[in-house]
Structure formats: structure tokens, C-alpha cells
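Under my numbering, the first residue of the sequence shown carries the number 4, and numbering increases by one thereafter.
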Amino acid sequence: MDFTLRSTELELMDNPNMDAEKYREAYLDINRCNKLLGGYGITINAVKKLIESSDKKSYTILDMGCGDGEMLRRLAKTLNDKAITFKFIGVDLRDDVLQNAKRKSKAYPSISYLKQNILELGTDFDCDILLCTLTMHHFTEEQIQVFLDKFSKLAKLGVVINDLQRSKLAYALFKLFSIFFIKTYVAKYDGLVSISKGFLKNELEDLARGLPTMNHEIKWKWAFRYVWVMKTKRHNTL
Numbered sequence: 004m005d006f007t008l009r010s011t012e013l014e015l016m017d018n019p020n021m022d023a024e025k026y027r028e029a030y031l032d033i034n035r036c037n038k039l040l041g042g043y044g045i046t047i048n049a050v051k052k053l054i055e056s057s058d059k060k061s062y063t064i065l066d067m068g069c070g071d072g073e074m075l076r077r078l079a080k081t082l083n084d085k086a087i088t089f090k091f092i093g094v095d096l097r098d099d100v101l102q103n104a105k106r107k108s109k110a111y112p113s114i115s116y117l118k119q120n121i122l123e124l125g126t127d128f129d130c131d132i133l134l135c136t137l138t139m140h141h142f143t144e145e146q147i148q149v150f151l152d153k154f155s156k157l158a159k160l161g162v163v164i165n166d167l168q169r170s171k172l173a174y175a176l177f178k179l180f181s182i183f184f185i186k187t188y189v190a191k192y193d194g195l196v197s198i199s200k201g202f203l204k205n206e207l208e209d210l211a212r213g214l215p216t217m218n219h220e221i222k223w224k225w226a227f228r229y230v231w232v233m234k235t236k237r238h239n240t241l
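Pasting the structure below:
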């Protein structure tokens, strides 16, 4: 496989007609994978740093491509400072995925969900911090440029993007990892496709140059992730 360019192959979960139960089972695998490999902590730590750089007493955190809402539930558990109010909003395109997210988030009154196409965001999605975790690689470069521009305008404080590094080593290690820790064919297949659609650091840097109103910090994290934090220039750099 050629890793010099991003793959254009569609993932099975990109099929809008996929059975809802297969989606649910695949998300269980994805959540387990993120937990074992520390994927949630990458985003949570970046959000904490953004909050620490501000003196606000209330925050709206928007998760674009929220899936079953696991990231928001973990944030709600972690960000429990009683002196600060948090409102969490998850956005996704599939009704059945959102229904699953709502069902799993009943114990979290601060979390709500909305159906929306990421490429058609309006100004009504104003927020303090915008998250995009393992979502960006599903899109083409042209589409990414469209919604990144909107992200930078919607987020008052900053944007946190957590996505995959495209790497032969990551691809080979995921094959081995999936034998022991991933149960569903969908998650095994899509995991490999996702890596082939991931990013190199210079590609993210090229995208960052197209957003001059933001300060950018792009760092490699285990396991084969990049965390890209954009911060509005009226705030100090992380």
C-alpha cells in the first residue's frame, strides 16, 4: 500500500444504509480501542489547557462527528469544577447514531445532541471550544478546508482536532492489535482504512497555513495520533 498519499477508499461506517446494530457494535470496539490506546486523554488534556488559559465561568463545548457521545461523557466526568458551568453538544448526521448517543447519555443532563451535516454548519453553532476527534480523515482535502474555516469562526476560544497519523508501522501494528482487542469485522476493516486516510504532519501544517486568524500547535501523540490545537489569536498560545 502506498502511504505517500491519503487513501480515497470509503469506510464501511461511511455507508448511510449500514444497519444500526452493526454501528452500535462497531462503536463498542472503537471505544475500547480509544480507551486502551489513550485516545480520549489526548483530547481531554488539550481541552483542559484551553480552559486554563481563560477565566470564563461557563463553556459550551461542541463535538463535531460525536458518534455515540463517548468523548463528551468522558469530558463531563472530568470537567467537574463546581465553580464552572459546562454545556456539551454532540453533532452527527445519522439519526440512529444520535439516538444511541442520547440513550447512553441519559445520566448527563449537561449533554445534548443535534443532527447536522458538518459541511453545512451555520452560525447558530457558536461555541467556546470545538472538538473534532477521528472525524476529519473521513473527508477530502477540499471538504476539510471548508469546515475548518467554519470551525475557526465558530469557536471563541479554540479548536481541538485529534486524528490519525498515516503510517506503515501504524497500519501493521493495528493489524496485530485488532486480532486481540477488536471483535467486529467493521471496526477491523475501518481501522485499517482510517489509517490509510490519516495525515502526515506537513499536510496538517499546510491546512493550518490556510487559517491565519488562529495560532496553531500540532503534536504527535501515542498511539500514532496528531493533536492539532488552534487557538484564537486574541488568547495566548498554549
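Positions of the beta carbon are idealized from the N, C-alpha and C atoms, including for glycine.
- Excluding five sequence positions before and after residue 184, the CB atoms of its chain that fall closer than 7 angstroms to its own CB belong to 35, 36, 39, given in chain order.
- The residues 90, 130, 131, in chain order, have a CB closer than 6 angstroms to that of residue 63 in the same chain once the five nearest residues on each side in sequence are set aside.
- Nearest neighbour of residue 228 by Cα position, chosen from 99, 169, 59, 47, turns out to be 169.
- By the 16-neighbour rule on beta-carbons within 10 angstroms, residue 73 is buried.
- Listed in chain order, the alpha helix (DSSP H) runs fully inside the stretch 72–125 are 73–81, 98–107, counting runs of at least 4 residues.
- Taking all protein chains shown into account, residue 14 has 16 or more neighbouring C-beta atoms within 10 Å of its C-beta and is therefore buried.
- Per the C-alpha coordinates, the member of 214, 18, 188, 161 positioned closest to residue 149 is 214.
- If you look at residue 17, you'll find it isn't in any beta strand (DSSP E); DSSP assigns it neither H nor E.
- Within the same chain, 122 come within 7 angstroms of residue 146 by CB-CB distance, once the 5 residues on both sides are set aside.
- Boundaries of the alpha helix (DSSP H) harbouring residue 35: 23–40, taken from the DSSP string.
- C-alpha of residue 21 to C-alpha of residue 42: approximately 25 angstroms in a straight line.
- The beta-carbon distance between residue 207 and residue 128, rounded to whole angstroms, is 23 angstroms. This is too long to meet the 8 angstroms contact definition.
- Exposed is the label assigned to residue 126, since fewer than 16 other Cβ atoms lie within 10 Å of its Cβ.
- Comparing C-alpha distances from residue 17 to each of 140, 165, 221, 176 shows the shortest one belongs to 140.
- Counted as a single uninterrupted DSSP element, the stretch harbouring residue 191 is not any beta strand (DSSP E) but the alpha helix (DSSP H) occupying residues 188–199.
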